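**Student:** One structure, as structure tokens, below. Some questions next.
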Amino acid sequence: MPPMKKTILSGSTVTGNLTLGNYIGAINNWRQLQDDYDCLYFLADLHALTVHQDPAILRERIYSFFAQYLALGLDPQKNIIFAQSHVHEHTELSWILTCLTPMGALNRMTQFKEKSAKHTKNINAGLFTYPTLMAADILLYQADLVPVGEDQKQHLELCRDLVGTFENHYGKGLLKMPEPYIGKTGARVMSLQDPIKKMSKSDEVEKNFVAVIEDPKSIEKKIKSAATDSGSEIRFDPEMKPGVSNLLTIYSVLAGKSMAELEAAYAGKMYGHLKVDLAELVVETLRPARERYADLMKNRDHLDQLLASGAARAQVRAQETLKKVYQAVGLVPRKA
Ligand code: ATP
Ligand code: LTN
């Protein structure tokens, strides 16, 4: 039965540590969508392999990200939550799409340029074809809406172009044209020490981010030593006051208060006051997740079961699309 609600799909590459940026910009929004949409959230573990990974660390991180999704309130019954590598249709559709993707289009991708400049010793073909796997992730589930950050918009645009190319070759109506989803709080969390750069989970400088799972003492220390700006006024002004504005952004989302309310509350106060309050707010917001996370990580069998059930539900839908695509491009189905 086709779902009546609109389908939302998103994922996070399994690299680094999930940060407060990922929570505010992604997972917290995903959680709020889970009642109103048909949602699929996945761990992009195959995408992680475009950069060299230590196998033991990757394995641990897949469980850890999954447990963090659950601990942060993504419900595995309401949503389909799964690991990309558990549904082999992703790589299969990705191949079909790769064969429709011009080299020139991939060459223009900013992320490819940036990542190949950063990993000069490992400019592999997977890094280059990364967006075709991402397009497969989206198109397999006939997603209507894809919540992604600014940096992923170009990949989504390529995915949309691929729907057009596919339709030109094989006819219309088979793949749904996805749209970007812009959340209500389109907040972008910036690096704590360098607030003109976004807070990134693969940042090598630990002081730049707060991880979702982090010791309260360490969170406090990082927030209290966050870079602030000249002057002493607590005002939201990302141009002139990027440091304080970033702290206010985090505060506003976590406390559900408007900037005007916060500015009024901190009129005449010092940066230090804001930092002390914010540190406590962040620690308290993440505390329940940290506790739940610790419990979840103790029981791998339970995580394995939940992953398996998510993958099974995802696969039913993925298979349906892949079958139609294989047929449309002229492949002969394997007979029993
Ligand atoms: P990396 O640094 O490894 O590229 P990332 O921190 O940018 O990773 P992604 O896996 O690219 O994280 O993104 C997962 C989701 O989190 C995306 O939807 C992205 O928009 C969101 N996100 C990541 N960082 C931030 C941030 N600083 N502020 C708001 N949203 C963010
Ligand atoms: N590249 C994305 C992660 C990702 C994704 C997707 C997001 C992989 N496949 C499909 C949305 C839809 C990133 O955020 N780094």
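Residue numbers -12 to 323, in this note's numbering, belong to the letters of the sequence shown in order.
Note that the Cβ used here is the ideal one computed from N, Cα and C, for glycine as well.
The structure displayed is predicted, hence computed values, not measured ones.
Tell me whether residue 135 sits in a helix, a strand or coil according to DSSP, three-state version.
**Tutor:** Note: residue 135 maps to coil in three-state DSSP.
**Student:** May I ask you to report which of helix, strand or coil DSSP gives residue 246?
**Tutor:** Looking at residue 246 - three-state DSSP - the assignment turns out to be helix.
**Student:** So does the stretch 129 to 137 actually touch the stretch 41 to 53, counting three or more Cβ pairs closer than 8 Å?
**Tutor:** Flag = no, the stretch 129 to 137 and the stretch 41 to 53 do not touch.
**Student:** Ignore the nearest five residues each way along the sequence and tell me which others in residue 213's own chain have a CB closer than 6 Å to its CB.
**Tutor:** Excluding positions up to five away in sequence, the list reads 179.
**Student:** According to DSSP, simplified to helix, strand and coil, what is residue 26?
**Tutor:** Of the three classes helix, strand and coil, the one that applies to residue 26 here is strand, per DSSP.
**Student:** What are the uninterrupted segments assigned as beta strand (DSSP E) that are 3 or more residues long and contained completely in the stretch 94 to 119, given in chain order?
**Tutor:** Runs of the beta strand (DSSP E) inside the stretch 94 to 119: none found.
**Student:** With distance defined between alpha-carbon atoms, name the residue in 91, 312, 215 nearest to residue 128.
**Tutor:** Residue 312 is the option with its Cα nearest to residue 128.
**Student:** State the Cα-Cα distance for the pair residue 324 and residue 70, rounded to the nearest angstrom.
**Tutor:** For the chain, the structure presents residues -12 to 323; residue 324 sits outside this window and is missing.
**Student:** Which of the three DSSP states is assigned to residue 212 in this structure?
**Tutor:** Of the three classes helix, strand and coil, the one that applies to residue 212 here is coil, per DSSP.
**Student:** List, from N- to C-terminal side, the alpha helix (DSSP H) runs of 4 residues or more that fit wholly inside the stretch 162 to 196.
**Tutor:** With a minimum length of 4 residues, no continuous alpha helix (DSSP H) run stays inside the stretch 162 to 196.
**Student:** Could you compute how far the alpha carbon of residue 254 sits from the alpha carbon of residue 29?
**Tutor:** Approximately 43 Å between the Cα atoms of the pair.
**Student:** Cα-Cα, which of 186, 247, 246, 114 is closest to residue 142?
**Tutor:** Minimum Cα distance to residue 142 is reached at 114.
**Student:** By DSSP, does residue 11 sit in helix, in strand, or in coil?
**Tutor:** It is helical.
**Student:** Compare the Cα-Cα distances from residue 310 to each of 72, 83, 262, 186 and report the closest residue.
**Tutor:** That would be 83, whose Cα lies nearest to the Cα of residue 310.
**Student:** How long is the line joining the alpha carbons of residue 320 and residue 278, rounded to whole angstroms?
**Tutor:** If you take the alpha carbons of residue 320 and residue 278, they lie about 49 Å apart.
**Student:** Give a yes or no on contact between the stretch 237 to 247 and the stretch 261 to 270, applying the rule of three or more CB pairs nearer than 8 Å.
**Tutor:** Counting Cβ pairs under 8 Å, three or more are found: they touch.
**Student:** To the nearest angstrom, report how far apart residue 175 and residue 109 are at their CA atoms.
**Tutor:** Taking the straight line from one Cα to the other gives about 30 Å.
**Student:** Taking the alpha-carbon positions, what's the residue 201 to residue 43 distance?
**Tutor:** So the alpha carbons of these two residues sit roughly 21 Å apart.
**Student:** Nearest by alpha-carbon distance to residue 231: which of 297, 209, 261 is it?
**Tutor:** Of the candidates 297, 209, 261, the one whose C-alpha sits nearest the C-alpha of residue 231 is 261.
**Student:** Using C-beta distances below 6 Å, list every residue in its chain close to residue 284, excluding the 5 sequence neighbours before and after it, in chain order.
**Tutor:** Same-chain partners within the cutoff: 54.
**Student:** With a cut-off of 8 Å, do at least 3 Cβ pairs link the stretch 184 to 194 to the stretch 7 to 19?
**Tutor:** Judged by Cβ distances under 8 Å, the stretch 184 to 194 makes contact with the stretch 7 to 19, as three or more pairs qualify.
**Student:** Enumerate in chain order the residues of its own chain whose CB-to-CB distance from residue 140 is below 8 Å, with the five nearest sequence positions on each side excluded.
**Tutor:** Correct list, in chain order: 167.
**Student:** Buried or exposed for residue 22, going by 16 or more other Cβ atoms inside 10 Å?
**Tutor:** Exposed, by the Cβ-count rule.
**Student:** How big is the Cα-Cα spacing for residue 111 and residue 95?
**Tutor:** Cα to Cα, residue 111 sits roughly 16 Å from residue 95.
**Student:** Bridge partners for residue 69 per DSSP, in chain order?
**Tutor:** In DSSP, residue 69 forms a bridge with 29.
**Student:** Taking the DSSP output, what are the residues bridged to residue 200?
**Tutor:** Bridge partners of residue 200: none, in fact.
**Student:** How about residue 197 and residue 209: are their beta carbons less than 9 Å apart?
**Tutor:** It is a contact, given that the beta carbons lie within the stated cut-off.
**Student:** Answer yes or no: the CB of residue 186 versus the heavy atoms of the ligand LTN, is any distance below 8 Å?
**Tutor:** No, the ligand LTN has no heavy atom inside 8 Å of this Cβ.
**Student:** Terminal residues of the continuous alpha helix (DSSP H) containing residue 5?
**Tutor:** Here residue 5 belongs to no alpha helix (DSSP H), and DSSP marks it neither H nor E.
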